[in-house]
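Student: Chains as they are written, first to last, in our numbering: chain Z, 7 to 249; chain C, 7 to 249; chain Y, 7 to 249; chain V, 7 to 249.
Beta carbons: idealized from backbone N, C-alpha and C, even for Gly.
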DNA sequence: AATGAATGAGGCTTCATTCAT
DNA sequence: GATGAATGAAGCCTCATTCAT
């Protein structure tokens, strides 16, 4: 959940937590509502405004006054919840990351899944993930904006950490079928899958819907193929040929 | 998602690592000019300083006075050659891109190559490219800094355009063997190869040399596998199995 | 020139040393109220907090929120009792001044003393005053803080006025033995005694207890000597020599 | 001499030193010119403006924009020479202190004076000092303003240090005739003389010229008397009686 | 052409004060 | 009365850009 990053000297009154991460992706009623509506509380409003400003006007035009204006609050209110300008971007990033996690989990990429079970249907899950994340990239304004535009060194670290978490999860789920690779290589393989996916989703957003569809298919092929090549090697010389 | 990680903060003028990639590798005309040195003219010095400041101190600390100081010139001199601050980053980006092009061409990824000939030895060329670009990423400070760190919207456009150029070239070289794909899809496939390569090279730089080697191998496998899967499909049911 | 030295910076809630000097020493009415405690009512709590903040964190860090926090009340409550920030410092100053007056009166420096009687034992009373005031300076946090640190122009006026009141009282008590001086000069002499005493008390607080004792003695000598020189002049050529 | 206090990160280009401390007090031509004229260079102009603002509008109204305005320079120029607002006050204080030193030295209170010689004419020198310093207090705008109005904790430390320096000098000059006091007590006596003088000079400035004259006389009497009382004690039981 | 001091608009942040609860 | 979140004016400081030397 979005939560102000605070470093103030004195008594920290943590911000009213902004939750409702799922809201974003829940196909409430069939009609996809414009995500990023007027938020429930001020923190969300401020983060939404941050995303909007970054997206609409760019990093250069991103300043506290602009954000306050867009959020419909006074500048001072920003500092009630965030220690400084940078914290805004950080918090937005974290909120997006957590929303992404939610999306991934709903798509079946979860820690609590039985690895054996997962191995049997990973291709199906991969498909669902691709669709869900593509959707997420399209709708979560903050995500594109922060991660593709102006990540600070700290954010890049956070991003890398998050990638590692996802890679670990992937690794765990494939631990057995990829057992023939050493743990180090297995980890690298998992990381590559995670890392490579990013720009592909980015492409999907950038291009029109028609081409986007093609990219989804190619992403599927690329990732499936890569994983399969490793899985088959583990299974012996002869595996079933891919469709 | 993953991008380059940067950590250093201030001071510590690191080995002025910008090494004029183009010149370095091109024994242009017999007369070897002093390579690996402080740049020959002011513009280069300024761009080198730009890269250094961005790399060592981050986007936030990047300003004209800092650059002038690092470059050993007066602020005013910057404005002799560049209309404004942004132009510095743009120029650095373009210089890096040109150097990358040079590296790619030297590795055999050229427009003037005969497509037929290329088809026969593409895997070998791909390997050479991977090695060469990995090297480039490691050594060209400006490249990492600008492209992996804080690309503005404009730069992202430039980056995308450059990717398109490379994708077109790739597409042309593979025009015949990938003929069974429509031109649109063929273009997408080529673009994906180009786009996906970026973060992989980024990883190579980020991690230690040992793991970097593994990533190179996996990159090879990923890209070869992807291209091969398309190539084989075009060749009929049975293609020669890969080594 | 010399003024109180302050060093501490943040945190470290020191023993809430404000001790309601007036109450402390005045067994007002038989009912002993809890002394040396957190102040009894909000106004006192707020003024105590004002003194603490000024003392511990300095004038720059002195603000209404900080005071409210330290006092354990809401900012709004400050405005229940004080019209604005400045009024806090003013009120603290006045409270300290009143406490000082009380101390002086207890030491025998009173308006209701008979001048004749006073003339006979002024040296003894002066000694008592010096001891009592030195004590007061040491214990009354607010006093040091406000008067020795950053008195505004207005406060300086108040200080000056208070000095005048004390000087008048001194003048009245010495009216007869100093009759040979004109009233104007008599007034100046009295003022000088009062004004000069301030920094001497300041020194006593600043230095260690050993040196403080020496300063007390020298202060005694300085003031006694000064007053005596005028008194003797009035008494004719030959006065009894001092011990 | 006034000199910008700089703490900048990078290459410190010390400000154009502002000298001409003496100018202030030199009775050039009999007519006392309004001291604090338009200064010779920017640093002096800025410090003069600082003094003026502090004096005319008070500490509360003292802000960088106001100073820049008064000095007739851009805000940015202040930061060319001073790291921050506080440094302005510090520098002003130091400039004044150094001018005071100059005045004291011209009045004969110097380190290079022979102690024996000094002992013979100390009363005369004391008179000259009192006159000169009284003059200085009256004319050196910055001095009154900084030392009597808003000294920060740091400034108070500096002030105390300066007092110590003067006290040491005094002690040295009186080393022999006050030999009967231990060094510690001798030091205290000297310090008291220095410390007590401050508020007396302050008074001289505050009151009208008539009363000021009286205060000068009383100051003379107070300090002479105090020093004499110690000197005579050292000289045996019977010393020549003072005039 | 080179220099770098000067400029001043603009951005970040603080904090006195208000006022709805 | 008490509370403390909200407000937004005001102040500090930075830094892109100019221009006299």
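What distance in whole Å lies between the Cβ atoms of residue 232 of chain Z and residue 250 of chain C, which are believed to be in contact at a cut-off of 8 Å?
Tutor: Absent from the model: residue 250 of chain C. The displayed extent of chain C is 7 to 249, so no value can be given.
Student: Since I believe residue 228 of chain Y is in contact with residue 135 of chain V (beta carbons under 8 Å), could you give me their beta-carbon distance rounded to a whole number of angstroms?
Tutor: The pair is not a contact, with the Cβ atoms about 18 Å apart (cut-off 8 Å).
Student: Is there at least one Cβ from chain Y nearer than 7 Å to residue 159 of chain V's Cβ?
Tutor: yes
Student: Which residues, in chain order, does the stretch 225-238 of chain Z contribute to contact with chain C at a C-beta distance below 7 Å?
Tutor: 227, 228, 231, 232, 235
Student: For a minimum of 4 consecutive residues, which ranges assigned as the alpha helix (DSSP H) are wholly contained in the stretch 138-200 of chain C?
Tutor: Taking only runs of at least 4 residues, the alpha helix (DSSP H) segments lying wholly in the stretch 138-200 of chain C are 147-154, 159-179.
Student: Check whether the Cβ of residue 49 of chain C sits closer than 6 Å to any heavy atom of the ligand FMN, and report yes or no.
Tutor: What this structure holds is no ligand at all, so the ligand FMN is not there to describe.
Student: Please go through the same chain and pick out, in chain order, the residues whose beta-carbon is closer than 6 Å to the beta-carbon of residue 168 of chain C, but skip the five residues on each side of it.
Tutor: 103
Student: Could you check whether the stretch 85-100 of chain V touches the stretch 147-163 of chain V, counting it as contact only if at least three pairs of C-beta atoms, one from each stretch, sit closer than 8 Å?
Tutor: yes
Student: Which whole-angstrom value is the C-beta distance of residue 192 of chain Z and residue 184 of chain Z, which I expect to be below 8 Å?
Tutor: Indeed, because the Cβ distance is near 5 Å, the residues count as touching under 8 Å.
Student: Which first and last residues belong to the alpha helix (DSSP H) in which residue 215 of chain V is found?
Tutor: 215-240
Student: Closer than 7 Å by beta-carbon distance: list the chain Z residues that pair up with residue 100 of chain C, in chain order.
Tutor: Chain Z residues near residue 100 of chain C: none, gap ~19 Å exceeds 7 Å.
Student: What are the residues in the stretch 198-216 of chain Y lying within 7 Å of chain V by C-beta distance?
Tutor: Here the close residues are 198, 201, 202, 204, 205, 206, 209.
Student: Residue 82 of chain Y lies in the alpha helix (DSSP H); which residues open and close that run?
Tutor: 81-87
Student: Taking the alpha-carbon positions, what's the residue 57 of chain Z to residue 51 of chain Y distance?
Tutor: 45 Å
Student: In chain C, which residues lie less than 7 Å from residue 195 of chain Z when you measure between Cβ atoms?
Tutor: Those within 7 Å of residue 195 of chain Z in chain C are 224.
Student: Taking 7 Å as the CB-CB limit, is residue 56 of chain Y close to chain V?
Tutor: no
Student: Does the Cβ-Cβ distance between residue 59 of chain V and residue 76 of chain V come in under 7 Å?
Tutor: yes
Student: Give me the Cα-Cα distance between residue 237 of chain Z and residue 145 of chain C, rounded to the nearest whole angstrom.
Tutor: Using only the alpha carbons, I get a separation of about 35 Å.
Student: Where does residue 3 of chain Y sit, in a helix, a strand or coil, going by DSSP?
Tutor: Not covered by the structure: residue 3 of chain Y. The range shown for chain Y is 7 to 249.
Student: For residue 65 of chain Z, which residues in chain C fall below 7 Å Cβ to Cβ?
Tutor: 158
Student: So, at 6 Å on beta carbons, what are the nonlocal neighbours of residue 70 of chain Y in its own chain, with the 5 sequence-adjacent residues on each side left out?
Tutor: Here the set comprises 81, 84, 91.
Student: Quick check: what's the CA-CA separation for residue 74 of chain C versus residue 86 of chain C?
Tutor: Those two C-alpha atoms are separated by around 12 Å.
Student: Excluding five sequence neighbours on each side, which residues of the same chain lie with their C-beta closer than 7 Å to the C-beta of residue 117 of chain C?
Tutor: 175
Student: To the nearest angstrom, how far is the alpha carbon of residue 166 of chain C from that of residue 201 of chain Z?
Tutor: 18 Å
Student: Cβ of residue 113 of chain Y within 7 Å of Cβ of residue 138 of chain Y?
Tutor: yes
Student: Taking the alpha-carbon of residue 211 of chain V as reference, which of V:162, V:154, V:172 has the nearest alpha-carbon?
Tutor: The shortest Cα separation from residue 211 of chain V among V:162, V:154, V:172 belongs to V:154.
Student: On the DSSP letters alone, give me the boundaries of the alpha helix (DSSP H) that residue 99 of chain Y sits inside.
Tutor: 91-112
Student: Closer than 7 Å, CB to CB, is residue 240 of chain V near chain Y or not?
Tutor: no
Student: How would you list, in chain order, the residues of chain Z whose beta-carbon sits under 8 Å from the beta-carbon of residue 220 of chain C?
Tutor: 190, 191, 194
Student: Return the CA-CA distance between residue 170 of chain Y and residue 215 of chain V, expressed in angstroms with no decimal places.
Tutor: 18 Å
Student: With a threshold of 6 Å on Cβ separation, who are the neighbours of residue 109 of chain Y within its own chain once the five nearest residues in sequence on each side are excluded?
Tutor: Same-chain partners within the cutoff: 138, 142.
Student: Flag this pair as yes or no: are the beta carbons of residue 194 of chain Y and residue 206 of chain Y separated by less than 7 Å?
Tutor: no
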